Amino acid sequence: MADLREVADLLWGSGGSRVADAVFRRWTQGFVFSEDEPTALEQFEGGPCAVIVPVQAFLLKNALFGSENINWKECSEDERRLLLCHGLCEILEKAQPPHASSLCLVRWAKGK
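According to the working numbering, the residues represented by the sequence shown are 158 to 269, in order.
Next up, the structure:
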């Protein structure tokens, strides 16, 4: 539990400082796809565009140039999730230190 507290303090600040509800909602929204545009991620509460924009860029890169052969204009829910997972994995791979040797592959269960 102490490790969790340290991570929370690192993210949100420590010493009794309280994060404003609006800031907390902004940074904990998760990834939500648009109902109007199949491969578009939506932003709520005014943020966090600094996180959503690069994820959106990798998602589109994989949709347009990836080996999955996905029609980005008419992709299914499973295809959207696959694109999101591939984009997030690619970002995490690029963020790891040189010569890092371990990765964890997470698969999205179909229909979940």
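We put the CB at the ideal spot given by N, CA and C, even for glycine. Here the structure is a predicted model, which means the values were calculated and not measured.
For this session: State whether the segment 232-250 contacts the segment 209-223, with contact taken as three or more CB pairs (one from each stretch) at a distance under 8 Å.
Result: yes
Problem set entry | Residues that Leu-161 bridges to, as DSSP identifies them | In the DSSP output, where bridge partners are listed per residue, Leu-161 has none listed.
For this session: Tell me, please, which residues DSSP counts as bridged to Glu-199.
Result: Val-189
For this session: Give me the Cα-Cα distance between Arg-182 and Cys-232, rounded to the nearest whole angstrom.
Result: 29 Å
For this session: Pull up the distance between the alpha-carbon of Pro-195 and that of Ala-165, whole angstroms please.
Result: 33 Å
For this session: Please go through the segment 228-263 and give each complete beta strand (DSSP E) segment of 3 or more residues, from N-terminal end onward.
Result: none
For this session: Output the boundary residues of the alpha helix (DSSP H) element that contains Pro-211.
Result: 206-222
Exercise. Where do the N-terminal and C-terminal ends of the alpha helix (DSSP H) with Ala-179 fall, by residue?
Worked result: 178-184
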